[in-house]
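In the numbering used here, the protein residues as written are 1 to 244.
A virtual CB, placed ideally from N, CA and C, is assigned to each residue, including glycine.
Reviewing the structure listed below.
What follows is the structure in structure tokens.
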């Protein structure tokens with residue numbers, strides 16, 4: 001009788017604690033994926049910001065390579081967001097009649113008006129950019145090592161919150177990375193999402209200019225003015241066998 005009661009208790013306990021296959025499937029399905037229903041690669045476990053299981057070529061299967069790719073994407077996201085904002089601002093200003101060159105002419109105009117030779121500017125940028133990138137590289141290799149005070153005695157403000165997220169009063173003056181950990185994780189995902197969108201936008205700007213010789217706002221205004229005849233299919237390049 002005692003054995004029977006023990007067996008019943010054991011079976012009851014197992015029934016309560018062992019999750020069903022259906023429950024496991026539901027938990028897996030709760031994670032948003034780039035292709036719904038498609039299993040995520042083993043190396044993309046959802047721990048990285050903006051991880052939706054996209055790596056069809058398994059480029060990040062090596063853990064060390066994955067770390068580099070994460071940081072490379074983060075930097076490209078940030079540069080693309082800055083570039084997109086700059087292109088749109090100058091395009092809107094130029095469309096409004098301001099004497100501001102479009103992004104594809106800005107470099108030439110700036111060089112023509114600069115009192116400093118282009119070679120000098122280039123070498124100066126390489127030195128400064130090289131220094132900044134070397135600091136970032138060393139922080140990737142030894143996280144927090146750049147807060148040793150070797151740069152004008154700065155310590156905590158250069159240690160960073162984590163690799164790729166410098167934080168501190170110089171890089172996070174509004175303190176957005178501090179406080180609530182959930183909010184911080186949400187900001188990281190939003191940054192990557194907006195950065196990816198900005199990278200796609202940059203490709204669009206380049207392709208647009210190659211096809212029409214104009215900027216994004218110019219093209220938008222032209223399309224809105226005549227939406228039937230001014231489209232991607234009528235510029236004579238995007239769809240070669242059609243022309244305006």
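Three-way DSSP call (helix, strand, coil) for residue 52 in this model = Counting from 1 along the chain shown, the entry for residue 52 is found at position 52. Reduced to three states, the DSSP call for residue 52 is coil.
What residues are listed by DSSP as bridge partners for residue 162?
-> Locating residue 162 in the chain shown gives position 162, counting from the first residue. BP columns for residue 162 point to 165.
Around the C-beta of residue 176, are 16 or more other C-beta atoms found within 10 angstroms, so that it is buried, or is it exposed?
-> Sequence index remark: in the chain shown, residue 176 carries index 176 (1-based). Per the 10 Å Cβ criterion, exposed.
Using the rule of at least 16 other Cβ atoms within 10 Å of the residue's Cβ for burial, across every protein chain shown, is residue 137 buried or exposed?
-> Locating residue 137 in the chain shown gives position 137, where the first residue counts as 1. By the 10 Å Cβ count, residue 137 comes out exposed.
What alpha helix (DSSP H) runs, 4 residues minimum, are completely inside the region 74-105?
-> none
Classify residue 134 as helix, strand or coil using the three-state DSSP reduction.
-> In the chain shown, residue 134 corresponds to position 134, counting from 1. Residue state, collapsed to three classes: helix.
CB-CB under 8 Å to residue 239, same chain, minus the five flanking residues each way: which ones, in chain order?
-> Numbered from 1 along the chain shown, position 239 holds the residue referred to as residue 239. Taken in chain order, the residues that qualify are 232 and 233.
Rounded distance between the beta-carbons of residue 223 and residue 215, thought under 8 Å = Numbered from its first residue, the chain shown carries residue 215 at position 215. Numbered from its first residue, the chain shown carries residue 223 at position 223. So it is not a contact: roughly 13 Å between Cβ atoms.
Closest Cα partner of residue 185 within the set 174, 171, 129 and 162 = Reading the chain shown from its first residue, position 185 is the one you call residue 185. Closest option to residue 185, Cα to Cα, is 162.
Could you check what DSSP says for residue 122 in three-state terms: helix, strand or coil?
-> Position 122 of the chain shown, counted from the start, is the residue given in the question as residue 122. Residue state, collapsed to three classes: helix.
From 72, 73, 98 and 102, pick the residue whose C-alpha is nearest to that of residue 85; which is it?
-> Position 85 of the chain shown, counted from the start, is the residue given in the question as residue 85. When only C-alpha atoms are compared, the closest one is 102.
In the structure shown, what three-state DSSP assignment does residue 31 receive?
-> Translated into positions along the chain shown, residue 31 becomes position 31. Three-state DSSP puts residue 31 in coil, outside helix and strand.
For residue 130, is the beta carbon positioned less than 6 Å from some heavy atom of the ligand ADP?
-> Among the components of this structure there are no ligands whatsoever, and the ligand ADP is therefore not found.
Please report how far the alpha carbon of residue 65 lies from the alpha carbon of residue 58, in whole angstroms.
-> As a first step, residue 65 is located in the chain shown; it is residue number 65 there, counting from the start. As a first step, residue 58 is located in the chain shown; it is residue number 58 there, counting from the start. So the two alpha carbons sit approximately 11 Å from each other.
Tell me which same chain residues have a C-beta within less than 8 Å of the C-beta of residue 178, skipping the five on either side of it?
-> Taking the chain shown and counting its residues from 1, the one referred to as residue 178 is at position 178. Excluding sequence neighbours, residue 178 sits near 167, 172 and 184.
Considering only residues of the region 158-237, which uninterrupted beta strand (DSSP E) runs meet the minimum length of 3 residues and lie entirely inside it, listed in chain order?
-> none
Quick check: the region 187-202 against the region 73-90, are there 3 or more CB pairs under 8 Å?
-> yes
Could you tell me if residue 151 is buried or exposed, where buried requires 16 or more neighbouring beta carbons within 10 angstroms of its beta carbon?
-> In the chain shown, residue 151 corresponds to position 151, counting from 1. By the neighbour-count rule (16 or more Cβ atoms within 10 Å), residue 151 is not buried but exposed.
Please confirm whether residue 50 and residue 192 have their CB atoms less than 7 Å apart.
-> Here residue 50 refers to the residue found at position 50 of the chain shown. Here residue 192 refers to the residue found at position 192 of the chain shown. The answer is yes: Cβ separation under 7 Å.
How many whole angstroms separate the CB atoms of residue 53 and residue 36, which I take to be in contact at a CB cut-off of 8 Å?
-> As a first step, residue 53 is located in the chain shown; it is residue number 53 there, counting from the start. As a first step, residue 36 is located in the chain shown; it is residue number 36 there, counting from the start. No, residue 53 and residue 36 are not in contact; Cβ-Cβ is about 10 Å, not under 8 Å.
What did DSSP end up calling residue 63 once you bin it into helix, strand or coil?
-> Position 63 of the chain shown, counted from the start, is the residue given in the question as residue 63. In the structure shown, residue 63 sits in a helix (DSSP, three-state: H, G or I).
Is DSSP giving residue 109 helix, strand or coil here?
-> On the chain shown, residue 109 is found 109 positions in, with the first residue counted as 1. Three-state result, residue 109: helix.
Counting only the same chain and skipping the five closest in sequence on each side, list residues whose C-beta sits under 6 Å from that of residue 225.
-> The residue labelled residue 225 in the question sits at position 225 within the chain shown. Here the set comprises nothing.
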